[in-house]
Structure formats: C-alpha cells, structure tokens
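Q:
Numbering (this note's numbering), first residue to last: 394 to 643.
Encoded structure:
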C-alpha cells in the first residue's frame, strides 16, 4: 500500500471560524545575469589555460607523474582547506561564516588569482566579494585582511627558519650570505611592524579612505586580537600547516 503525504497545511483559528491555510511553496532561485557572465568567463578562461599549456602536454605530464599526482592534488586540497578554515575563524561570532562557505570562496578566488594578471589582488578581492553574500561588507573585507596578516606573519617566520637552516647547514658565499641575511632582516622587520600595528592601532587606512566601511573594517581588525586570543593561535597553527603541506607538495 502506498501512502501519499498530503500537502503541508496549517490551521488558523478565529473566534467565528476555522480557516485552513496552505504553506507557501519555496521560491525558486533565479540565475542572475552576472552569474551567467561569470560562468561563461570561467569556461573561456579554462579553455584559454588548456590551450596555453598544450592539450597534449597535460596528459603526458600526468602520465609522467603517475600516482604522485593524486598525492599532490590531496596536499593542494589540504593547503586550501586549512587557509579557508583560518579565514572562517577571522569572522566575529556575531556573524555566521562556515568552513564550507569559506572553502568555496577561497577556491574560486584562488582560481581567479592564478588566471588573471593581478594575481593575489584579484584573488583576495574575489574572496571578499563572494563572502559578502553571507556576511556584511565590513566583516568580509576585514576577515580577508586579517587572514592575510596572519599568513604574512607565518611567511616571515618561515623565512627566518629557512635563513637559519641555510646558514647552519651550508657555507654560503658572500653574495648568497648577503641575500640570505637581508631576507632574514626583512622578515624580522615585518613581524615587528605587524606587532606595532596591533599594539598601537593607528588608523592609517581610514585617514586616506574616509569611508564608514573602511573605518568599521579597521575597528574589527584591531578588536579581533584583543577579544579572541584563542583564535589567534589557532589561525597561526593553521597557517603553519599550510606551509608544511606546501613543503611536502614540492
């Protein structure tokens, strides 16, 4: 025997009569013109990338790599996943920004940055624009900036570690030693500069860009390190996990 579930209804009681009201049907999501344009542009960019790399060259290199391609693909996915998780932690608790939402926006932004000439600028801008669908504009831009600040700190620390490993593990010539020490000094200066910015909290950006969204984004960035110290360490650990996966991928 097959039972058919009746349509969802609700009963509304009034002093004089009982009225049955059907639940409204869910609205269908419409595809916007901008979505169509973005899809077409993505397909064209994908075709252009295949033509630039060579349609026959790609299968040949895949056969040459063999099973290692699966490992590289897995490590690449881990790298994007940990940075997406770090990005989701940069959003305040008053708004909901899940890992799945961050991962989708991060993968899309990374793809745009790899194809378009601006590179990281296009990538981070795309991530901020996509995240505006689920969080407010100040939170979208401040979270992207925060995640990149933590990423820059982790890069500077990795440069320092690499510099020390190179100095103790090899006997570099004078030019190589000069370059290595310069990179190490730049890394130290970068870390000190970020620490000073977080402690002194100067409103440098809003002085030049006098906009409420810019001021709100600055407030969110400076408030984050004071109100969420636990998240700071979690984000830094995720950033270092990104670098470990990148080293293994190489």
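Glycine is no exception: its CB is placed at the ideal position from the N, C-alpha and C atoms.
(1) Pull up the CB-CB distance for residue 481 and residue 504, whole angstroms please, since I reckon it's below 8 Å.
(2) Rounded to whole angstroms, how far is the Cβ of residue 627 from the Cβ of residue 544, which I believe are closer than 8 Å?
(3) Can you check whether the CB of residue 537 is closer than 8 Å to the CB of residue 577?
(4) Determine the burial state of residue 635: buried for a count of at least 16 other Cβ atoms within 10 Å of its Cβ, exposed for fewer.
(5) Enumerate in chain order the residues of its own chain whose CB-to-CB distance from residue 608 is below 8 Å, with the five nearest sequence positions on each side excluded.
(6) Taking C-beta to C-beta, are residue 534 and residue 521 nearer than 8 Å?
(7) Contact defined as beta carbons within less than 8 Å: I believe residue 540 pairs with residue 479. What is the distance between those atoms, to the nearest angstrom?
(8) Assign residue 519 to buried or exposed, taking buried as 16 or more other Cβ atoms, counted over all protein chains shown, within 10 Å of its Cβ.
(9) Taking the CB atoms as reference points, tell me whether residue 528 and residue 629 lie closer together than 8 Å.
(10) For residue 531, does the count of other Cβ atoms within 10 angstroms reach 16, so buried, or fall short, so exposed?
(11) Could you give the first and the last residue of the continuous alpha helix (DSSP H) run that contains residue 527?
(12) Roughly how many whole angstroms lie between the Cα atoms of residue 618 and residue 588?
(13) Is it buried or exposed for residue 502, if we count other Cβ within 10 angstroms and need 16 for buried?
(14) Please report the straight-line C-alpha distance between residue 637 and residue 514, rounded to a whole angstrom.
(15) Residue range of the alpha helix (DSSP H) that residue 603 falls in?
(16) Hey, how far is the Cα of residue 473 from the Cα of residue 510?
(17) Quick check: the Cα distance between residue 569 and residue 562, rounded to an integer number of angstroms?
(18) When you compare the CB of residue 483 with every CB in chain C, is at least one pair closer than 8 Å?
(19) Please name the residue in 601, 525, 586, 594 whose C-alpha comes closest to that of residue 613.
(20) Mapping the DSSP letters down to three states, classify residue 613 as helix, strand or coil.
A: Taking the coordinates as given:
(1) For the purposes of this step, residue 481 is taken as residue 88 along the chain shown, with counting starting at 1. For the purposes of this step, residue 504 is taken as residue 111 along the chain shown, with counting starting at 1. Rounded, the Cβ-Cβ distance is 19 Å, inconsistent with contact.
(2) Stepping through the chain shown from its first residue, residue 627 is reached at position 234. Stepping through the chain shown from its first residue, residue 544 is reached at position 151. Cβ atoms of residue 627 and residue 544 stay farther apart than 8 Å, at about 14 Å.
(3) Within the chain shown, the letter at position 184 stands for residue 577. Within the chain shown, the letter at position 144 stands for residue 537. It is not a contact, given that the beta carbons lie outside the stated cut-off.
(4) Within the chain shown, numbered from 1, the residue matching residue 635 stands at position 242. Residue 635 counts as buried, since no fewer than 16 other beta carbons sit within 10 angstroms of its beta carbon.
(5) Within the chain shown, the letter at position 215 stands for residue 608. Contacts found: 596, 599.
(6) By one-based count along the chain shown, residue 534 stands at place 141. By one-based count along the chain shown, residue 521 stands at place 128. In this structure, the beta-carbon distance from residue 534 to residue 521 falls below 8 Å.
(7) Working through the chain shown from its first residue, we reach residue 540 at position 147. Working through the chain shown from its first residue, we reach residue 479 at position 86. Right, the Cβ-Cβ distance comes to about 6 Å (below 8 Å), so this counts as a contact.
(8) As a first step, residue 519 is located in the chain shown; it is residue number 126 there, counting from the start. By the neighbour-count rule (16 or more Cβ atoms within 10 Å), residue 519 is buried.
(9) Locating residue 528 in the chain shown gives position 135, where the first residue counts as 1. Locating residue 629 in the chain shown gives position 236, where the first residue counts as 1. At least 8 Å separates the beta-carbon of residue 528 from that of residue 629.
(10) Here residue 531 corresponds to residue number 138 of the chain shown, with the count starting at 1. Classification for residue 531: buried.
(11) Residue mapping note: residue 527 aligns to position 134 of the chain shown, counting from 1. Looking at the DSSP string, residue 527 is not in any alpha helix (DSSP H), and its letter there is neither H nor E.
(12) The count along the chain shown starts at 1 and reaches residue 618 at position 225. The count along the chain shown starts at 1 and reaches residue 588 at position 195. If you take the alpha carbons of residue 618 and residue 588, they lie about 11 Å apart.
(13) Here the question's residue 502 lines up with position 109 in the chain shown. With 16 or more other Cβ atoms within 10 Å, it is buried.
(14) Here residue 637 refers to the residue found at position 244 when the chain shown is read from its first residue. Here residue 514 refers to the residue found at position 121 when the chain shown is read from its first residue. Computed Cα separation, rounded: 24 Å.
(15) Within the chain shown, numbered from 1, the residue matching residue 603 stands at position 210. For residue 603, no alpha helix (DSSP H) encloses it, and the DSSP letter there is neither H nor E.
(16) Against the chain shown, residue 473 aligns to sequence position 80. Against the chain shown, residue 510 aligns to sequence position 117. Taking the Cα positions, residue 473 is about 21 Å away from residue 510.
(17) On the chain shown, residue 569 is found 176 positions in, with the first residue counted as 1. On the chain shown, residue 562 is found 169 positions in, with the first residue counted as 1. Using only the alpha carbons, I get a separation of about 13 Å.
(18) In the displayed structure, chain C is absent; only one protein chain is listed.
(19) Here the question's residue 613 lines up with position 220 in the chain shown. Comparing alpha-carbon positions, the option among 601, 525, 586, 594 lying closest to residue 613 turns out to be 594.
(20) One-based indexing of the chain shown puts residue 613 at position 220. Residue 613 falls in the helix class under three-state DSSP.
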